[in-house]
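Engineer: Just so you know, the sequences run in chain order A and B. Using the numbering used here, read the first sequence as starting at 231 and increasing by one per residue. Using the numbering used here, read the second sequence as starting at 231 and increasing by one per residue. Ideal Cβ positions, reconstructed from N, Cα and C, are used throughout, including at glycine. Structure below; questions to follow.
There are 2 protein chains.
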Amino acid sequence: MAAVDRSLVAKLPMFVGLAPDEQDELLREARSVRYPKGIAVFDQGAEADRFFLLLHGHLRVEKTTPQGQQSVVRYVSAGELFGVAQVMNLAHYPATAVAAVDSIALAWPSSSWQPLIIKYPSFVSSALQTVGSRLQDTQARVMEMSNEQVEQRVAHALLRLAKQAGKKVDAGVEIDFPISRQDVAEMTGTTLHTVSRILSAWEGEGLVEGGRQRIVLRDARRLHSLAEGEEAIQVRKRSP
Amino acid sequence: MAAVDRSLVAKLPMFVGLAPDEQDELLREARSVRYPKGIAVFDQGAEADRFFLLLHGHLRVEKTTPQGQQSVVRYVSAGELFGVAQVMNLAHYPATAVAAVDSIALAWPSSSWQPLIIKYPSFVSSALQTVGSRLQDTQARVMEMSNEQVEQRVAHALLRLAKQAGKKVDAGVEIDFPISRQDVAEMTGTTLHTVSRILSAWEGEGLVEGGRQRIVLRDARRLHSLAEGEEAIQVRKRSP
DNA sequence: TCGAAAGATTGCGCCAGCGCAAACTCCCGA
DNA sequence: TCGGGAGTTTGCGCTGGCGCAATCTTTCGA
Numbered sequence: 231m232a233a234v235d236r237s238l239v240a241k242l243p244m245f246v247g248l249a250p251d252e253q254d255e256l257l258r259e260a261r262s263v264r265y266p267k268g269i270a271v272f273d274q275g276a277e278a279d280r281f282f283l284l285l286h287g288h289l290r291v292e293k294t295t296p297q298g299q300q301s302v303v304r305y306v307s308a309g310e311l312f313g314v315a316q317v318m319n320l321a322h323y324p325a326t327a328v329a330a331v332d333s334i335a336l337a338w339p340s341s342s343w344q345p346l347i348i349k350y351p352s353f354v355s356s357a358l359q360t361v362g363s364r365l366q367d368t369q370a371r372v373m374e375m376s377n378e379q380v381e382q383r384v385a386h387a388l389l390r391l392a393k394q395a396g397k398k399v400d401a402g403v404e405i406d407f408p409i410s411r412q413d414v415a416e417m418t419g420t421t422l423h424t425v426s427r428i429l430s431a432w433e434g435e436g437l438v439e440g441g442r443q444r445i446v447l448r449d450a451r452r453l454h455s456l457a458e459g460e461e462a463i464q465v466r467k468r469s470p
Numbered sequence: 231m232a233a234v235d236r237s238l239v240a241k242l243p244m245f246v247g248l249a250p251d252e253q254d255e256l257l258r259e260a261r262s263v264r265y266p267k268g269i270a271v272f273d274q275g276a277e278a279d280r281f282f283l284l285l286h287g288h289l290r291v292e293k294t295t296p297q298g299q300q301s302v303v304r305y306v307s308a309g310e311l312f313g314v315a316q317v318m319n320l321a322h323y324p325a326t327a328v329a330a331v332d333s334i335a336l337a338w339p340s341s342s343w344q345p346l347i348i349k350y351p352s353f354v355s356s357a358l359q360t361v362g363s364r365l366q367d368t369q370a371r372v373m374e375m376s377n378e379q380v381e382q383r384v385a386h387a388l389l390r391l392a393k394q395a396g397k398k399v400d401a402g403v404e405i406d407f408p409i410s411r412q413d414v415a416e417m418t419g420t421t422l423h424t425v426s427r428i429l430s431a432w433e434g435e436g437l438v439e440g441g442r443q444r445i446v447l448r449d450a451r452r453l454h455s456l457a458e459g460e461e462a463i464q465v466r467k468r469s470p
């Protein structure tokens with residue numbers, strides 16, 4: 231572990247409003263840990279003995295059913311709290327968090343949480359907000375899966391990813407970590423094959439640009455109108 | 231409004247652990263309000279100026295897209311906090327809450343929340359837990375919609391409803407408030423027609439018993455195995 | 001440098017569930 | 001007591017997207 235400098239976190243919402251020595255005190259209980267790409271920060275079902283703040287990198291949070299079906303719950307970006315299972319009174323992590331790229335996180339022991347509630351109510355408010363906005367996102371996803379076609383859902387997913395982890399490049403906006411067709415399928419409740427077909431069709435229209443574990447959005451405007459169902463791209467089915 | 235007696239709430243998790251005079255103080259800021267069946271407690275998009283505790287009855291929480299598609303987000307039962315939008319830093323309610331039966335709720339002004347955080351951290355923990363378990367449920371729903379057939383999803387939905395608001399009757403377990411096929415469809419992301427067909431098939435098998443806005447589970451065991459995909463009922467399609 | 005594995009693409013056939021439409025039943029208010 | 005309307009059931013035809021399978025491409029470790 232390394233000593234953590236206050237400047238790394240002072241601007242994050244849960245630290246704003248705390249005095250520098252309070253920030254230091256909070257940080258003293260945390261450890262900074264490096265997670266190479268592909269390594270799990272924690273596994274679904276494991277005892278929730280720590281909670282985390284991602285300092286650098288991106289994580290993929292995934293959940294598997296007893297039957298072995300897997301879904302991508304969300305991606306975590308730098309600055310976000312995650313693994314707050316214990317905070318919601320869960321004894322075990324409900325999902326697995328895997329480093330999508332080399333990442334660094336602060337880890338607090340769960341036992342720090344109770345005292346922290348009393349001493350730093352603003353930190354708790356911040357956790358409540360984190361969980362709250364996660365709830366909003368998840369509910370939005372339910373609405374999408376209820377009411378939208380697969381193509382719209384994929385468009386929404388890409389736009390959300392680009393907003394959360396988009397990097398400007400010449401061709402447009404690139405999603406800043408490796409993401410496979412399979413991952414997108416698991417985010418949108420469809421199959422790898424369908425996603426591949428859709429992206430191929432979009433690439434033909436100049437909406438996106440693909441590659442192995444790589445997606446670049448070239449025309450966010452049209453993707454938006456796709457997502458809202460205002461237009462549709464003909465995904466080739468069968469030559470007549 | 232009526233004065234609220236401490237005994238009504240003392241056993242609820244957010245009040246346990248508070249001294250009687252603290253309970254009284256909390257209650258003094260709240261008003262008790264009656265909501266006749268069909269009346270909205272708050273509307274999606276309205277300013278989130280209050281948060282609530284349901285004392286009696288059942289609410290249906292529903293969300294509508296800009297395009298007018300509607301989903302049932304969840305049902306609220308007595309003893310639950312709801313309308314905690316402001317708590318997650320939302321200025322407006324993200325959904326509408328409608329009384330499914332005549333109901334009574336305690337309402338606090340949102341302005342009570344900030345002081346309350348400082349003074350009653352256990353109340354905040356409880357809110358965090360409420361939101362947390364709501365997040366778990368919503369994520370479970372996403373998993374279902376990603377990986378399960380419509381029939382399994384309907385089975386899951388009914389089992390959840392029965393657990394949350396089931397009333398033992400001769401024939402089995404009845405869902406304790408009026409619920410239409412349309413409502414079930416909006417909970418499971420399918421259509422009224424499909425739900426109707428499925429319930430008819432189940433009724434033929436003696437799994438459930440129906441009626442206008444009424445569902446009785448007769449064989450929870452088999453519904454479970456349906457929900458887990460271990461068996462399937464033949465929903466009639468077409469006479470050959 | 002080469003081979004294998006992981007990821008991606010594409011074709012083909014099928015079917016669960018939706019859209020549309022019509023009819024039926026029950027409850028409730030005038 | 002008698003509509004009227006809300007909720008429900010059912011038939012029919014179509015199709016979006018899945019399952020399966022084969023092939024192609026890129027990356028990376030030995």
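#1: Would you kindly work out how many angstroms separate the C-alpha atoms of L453/B and I348/B, rounded to a whole number?
#2: Excluding the 5 residues flanking L248/B on each side, which residues of the same chain have their C-beta closer than 6 Å to its C-beta?
#3: Going by the beta-carbon positions, is the gap between G196/A and R448/A smaller than 7 Å?
#4: Is any beta-carbon of chain A found at less than 7 Å from that of R236/B?
#5: Within 10 Å of its beta-carbon, does V508/B have 16 or more other beta-carbons around it, so buried, or fewer, so exposed?
#6: Less than 7 Å between CB atoms is the rule here; does Q316/A satisfy it with respect to chain B?
#7: Go ahead and pull the three-state DSSP assignment for K241/A.
#8: Measuring only between beta-carbons, confirm whether R290/B sits less than 7 Å from chain A.
#9: Whose CA, out of V438/A, T360/A, S356/A and A431/A, lies closest to the CA of I405/A?
#10: If V303/A and K293/A are in contact, beta carbons under 8 Å, what's the gap, nearest whole angstrom?
#11: Work out the CA separation of G275/A and L456/B for me, nearest whole Å.
#12: Pop quiz: A335/A and F282/A are said to be a contact at Cβ under 8 Å. What is the actual Cβ separation, rounded to whole angstroms?
#13: Does the Cβ-Cβ distance between E381/B and I428/B come in under 7 Å?
#14: Against chain A, which members of the region 421-434 of chain B pass a CB distance test of less than 9 Å?
#15: Kindly provide the ranges of any beta strand (DSSP E) runs that are 3 or more residues long and lie completely inside the region 397-447 of chain B, ordered along the chain.
#16: In chain B, which residues lie with their C-beta within 8 Å of the C-beta of P351/A?
#17: For a contact meaning CB atoms closer than 9 Å, what does S301/B contact in chain A?
#18: Assess contact between the region 310-322 of chain A and the region 383-399 of chain A, defined as three or more Cβ pairs (one per stretch) separated by less than 8 Å. Is contact present?
#19: Please confirm if V361/B has its CB atom under 7 Å from at least one CB of chain A.
#20: Spell out whether any CB of chain B is found under 7 Å from the CB atom of R474/A.
#21: For K293/B, go through chain A and note every residue whose CB falls closer than 8 Å to its CB, in chain order.
#22: Mark V246/A as exposed unless 16 or more other C-beta atoms lie within 10 angstroms of its C-beta, in which case mark it buried.
#23: Are the beta-carbon atoms of K267/A and D332/A separated by less than 7 Å?
#24: Who are the near neighbours of E328/B in its chain, counting only those whose CB is closer than 6 Å to its CB and skipping five residues on each side?
#25: Can you tell me the Cβ-Cβ gap for G287/B and L242/B, rounded? I've got them flagged as a contact below 8 Å.
#26: Please check if any C-beta of chain B sits within less than 7 Å of the C-beta of L248/A.
#27: Name the residues in the region 318-329 of chain A whose C-beta lies less than 9 Å from a C-beta of chain B; which are they?
#28: Establish whether the CB of L437/B and some CB of chain A are separated by less than 7 Å.
#29: Which complete beta strand (DSSP E) runs does the region 262-334 of chain A hold, if anything under 3 residues is left out?
#30: Let me know the secondary structure DSSP gives A457/B once reduced to three states.
#31: Indicate whether I362/A and V372/B have their beta-carbon atoms separated by less than 7 Å.
#32: When DSSP builds the beta bridges, which residues end up paired with A337/B?
#33: According to DSSP, is Q464/A helix, strand or coil?
#34: Please report the distance separating the alpha-carbon of P345/B from that of P339/B.
#35: Taking the Cβ atom as the reference point for each residue, do S301/B and S376/A lie within a distance shorter than 7 Å?
#36: So is the beta-carbon of A387/B under 6 Å away from any non-hydrogen atom of the ligand PLP?
Structural biologist: Put simply:
#1: Between the C-alpha atoms of L453/B and I348/B there is a straight-line separation of about 46 Å.
#2: Shown here for L248/B: not one same chain residue has a beta carbon closer than 6 Å to its own, the five before and five after excluded.
#3: Residue 196/A cannot be examined here, being either before or after the span of chain A that is shown, 231 to 470.
#4: Taking CB atoms only, R236/B has no neighbour in chain A less than 7 Å away.
#5: Chain B is shown from 231 up to 470; residue 508/B falls before or after that span and cannot be answered.
#6: Using a Cβ-Cβ cut-off of 7 Å, Q316/A does not count as an interface residue toward chain B, since no Cβ of chain B sits closer than that to its own.
#7: Three-state result, K241/A: coil.
#8: Proximity of R290/B to chain A, defined by a Cβ-Cβ separation below 7 Å, is not satisfied.
#9: Closest option to I405/A, Cα to Cα, is V438/A.
#10: The pair is a contact, with the Cβ atoms about 5 Å apart (cut-off 8 Å).
#11: Rounded to whole angstroms, the gap between the alpha carbons of L456/B and G275/A is 25 Å.
#12: Indeed, because the Cβ distance is near 5 Å, the residues count as touching under 8 Å.
#13: In this structure, the beta-carbon distance from E381/B to I428/B falls below 7 Å.
#14: Against chain A - using a Cβ distance shorter than 9 Å - the region 421-434 of chain B contributes no residues.
#15: Within the region 397-447 of chain B, the complete beta strand (DSSP E) runs of at least 3 residues are 402-405.
#16: In chain order: I347, I348, P351 and V354.
#17: Result: Q369, V372, M373, S376 and N377.
#18: Inter-segment contact for the region 310-322 of chain A and the region 383-399 of chain A is absent: fewer than three beta-carbon pairs are separated by less than 8 Å.
#19: Chain A, which has a Cβ nearer than 7 Å to the Cβ of V361/B, makes this yes.
#20: An answer regarding residue 474/A cannot be provided, because it is not within the stretch 231 to 470 covered by chain A.
#21: The contacting residues are Q369 and M373.
#22: V246/A is exposed by the Cβ-count criterion.
#23: The criterion of a C-beta distance shorter than 7 Å is satisfied by K267/A and D332/A.
#24: Sequence check: residue 328/B is Val here, not Glu. Closer than 6 Å at the Cβ level, and outside the excluded window around V328/B, lie A270 and R290.
#25: Actually they do not touch by this definition, with Cβ atoms about 15 Å apart.
#26: Closer than 7 Å: no.
#27: Within the region 318-329 of chain A, the residues whose Cβ lies closer than 9 Å to some Cβ of chain B are M318, N319, L320, P324 and A325, listed in chain order.
#28: Chain A contact via Cβ: absent.
#29: At a cut-off of 3 residues, the continuous stretches assigned as beta strand (DSSP E) that sit fully inside the region 262-334 of chain A are 270-272, 280-286, 288-294, 300-307 and 326-329.
#30: In the structure shown, A457/B sits in a helix (DSSP, three-state: H, G or I).
#31: Correcting the residue type first, residue 362/A is Gly in the shown sequence and not Ile. It is not a contact, given that the beta carbons lie outside the stated cut-off.
#32: Answer by DSSP bridge pairing, in chain order: R261/B and F282/B.
#33: Correct three-state label for Q464/A: coil.
#34: P345/B and P339/B have their C-alpha atoms some 12 Å from each other.
#35: Inclusion of S301/B and S376/A in the CB contact set at 7 Å is warranted, their separation being smaller than that value.
#36: Inclusion of the ligand PLP in the displayed structure is not the case, the ligand content being empty and no account of it being possible.
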